[in-house]
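Numbering (this note's numbering), first residue to last: 316 to 604.
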Amino acid sequence: MLSGHLKTSDETYNRVFDLGEHSLLWGVAAANYTLEFDVKIAPGGAGWRAGSAMQPLGPHIVLTSEYPEQDTFTKHESRSLTSEYVDLHYWMEPENQYFTINATIKEGVWYRVSTSTEDTGHKVALNGVEVAFVPLLPPAAPRNLGTPSRYEGTWGFGGMQDHITYYKDVTVTAENGSIIYSNSFMSEDTLAEYQVAPLDHSVCLDDARRDRLIWTGDFYHTVRVVSTSSARFDCLLGTFEYALSYQLDEGPYAGFTPISANLGARPKYKEANIANYAGLVDCQDLFLA
Numbered sequence: 316m317l318s319g320h321l322k323t324s325d326e327t328y329n330r331v332f333d334l335g336e337h338s339l340l341w342g343v344a345a346a347n348y349t350l351e352f353d354v355k356i357a358p359g360g361a362g363w364r365a366g367s368a369m370q371p372l373g374p375h376i377v378l379t380s381e382y383p384e385q386d387t388f389t390k391h392e393s394r395s396l397t398s399e400y401v402d403l404h405y406w407m408e409p410e411n412q413y414f415t416i417n418a419t420i421k422e423g424v425w426y427r428v429s430t431s432t433e434d435t436g437h438k439v440a441l442n443g444v445e446v447a448f449v450p451l452l453p454p455a456a457p458r459n460l461g462t463p464s465r466y467e468g469t470w471g472f473g474g475m476q477d478h479i480t481y482y483k484d485v486t487v488t489a490e491n492g493s494i495i496y497s498n499s500f501m502s503e504d505t506l507a508e509y510q511v512a513p514l515d516h517s518v519c520l521d522d523a524r525r526d527r528l529i530w531t532g533d534f535y536h537t538v539r540v541v542s543t544s545s546a547r548f549d550c551l552l553g554t555f556e557y558a559l560s561y562q563l564d565e566g567p568y569a570g571f572t573p574i575s576a577n578l579g580a581r582p583k584y585k586e587a588n589i590a591n592y593a594g595l596v597d598c599q600d601l602f603l604a
């Protein structure tokens, strides 16, 4: 695959390369980009991520509004920006970083937010004015799956559980100035793209520990337990249908189903996370055992 941009010291080579094809990398492999979006806080605040390739999946940045003093939470100060790194797999949680915003953050008002990934951290701006600089974590050791890059990875949106937030007009701009992603967030298709669409199958979840996962590797246990207890065969068949709809069509993992099919997504986005197919190869046999 050709890289999306190449610049050398020889202008002849630069002009020749510009005549050829270029690839547009989906967000999973994007790096050194600027994420911009409009946000309106109803109550509480707004949250988002950028550069989420490396565990613990990039910083979770939370912007809180100027809510009344009686509604102030212990963990989050009014009119502030918080950066927190939380790895839900291993519970690695460096100390949160708090930044006081020298601006009025009103609820019910639209703001333009941008987050730029730079050499040493993420620059956060509000309506074009820089309000915080979030340092990067130290370099991580290479992992079996994915990249240890602190500059690479996709983006996401979501605040704390008691926040209600509106997002729209999202754009992602590469370091060379080209727009690699744009979404108005006005289409219902966006729900599936960000894996929050309504579930359209009856499925068996992987108990309370991972209640957002369909863990195919343990499904041969589940089939026997459900058959002798609730007899909810609709859930068993629905799980089969849902997982098999995510089978890969080509490549080294052709025919594989995901270890944990993403709830709220749709099969059209099945190639967004190839690591979901490759982690535990024995799960492919156990699922169909």
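Glycine residues also receive a C-beta, built at the ideal position from the N, C-alpha and C atoms.
Taken in chain order, the whole alpha helix (DSSP H) runs of length 4 or more contained in the stretch 507-558 are 534-543. In this structure, G362 keeps its C-beta atom at 9 Å or more from the C-beta atom of G373. For A569, the closest C-alpha among the options L551, V439, V596, P358 is that of V596. Membership of F602 in the alpha helix (DSSP H) is indicated by the continuous run 597-602. The C-beta distance from E351 to T554 rounds to 39 Å, too long to fall under 8 Å, and the pair is not in contact.
Of the candidates F500, T537, F548, the residue whose Cα lies closest to the Cα of S517 is F548. Segment contact: the stretch 446-456 against the stretch 421-438, three or more CB-CB distances shorter than 8 Å; contact assigned. Residue environment analysis places K583 among the exposed positions, since fewer than 16 neighbouring C-beta atoms fall within 10 angstroms of its C-beta. With contacts defined by Cβ atoms closer than 9 Å, V377 and G468 do not form a contacting pair. In the same chain as A512, and ignoring 5 residues on each side of it, the C-beta atoms closer than 6 Å to its own belong to L506, G579, in chain order.
Taking 9 Å as the cut-off, the beta carbon of I574 is found closer than this to the beta carbon of Y592. Ranked by Cα distance from I589, the first of L603, D600, T572, F602 is T572. Under the three-state reduction of DSSP, K583 is assigned to helix. Nearest to K483 by C-alpha distance, out of N411, S497, H536, A345, is S497. Taking the CA atoms as reference points, A440 sits about 24 Å from M501. Straight-line measurement puts the Cα of I479 at about 13 Å from the Cα of V424. If you draw a straight line from the Cα of Q599 to the Cα of Y535, it is about 11 Å long.
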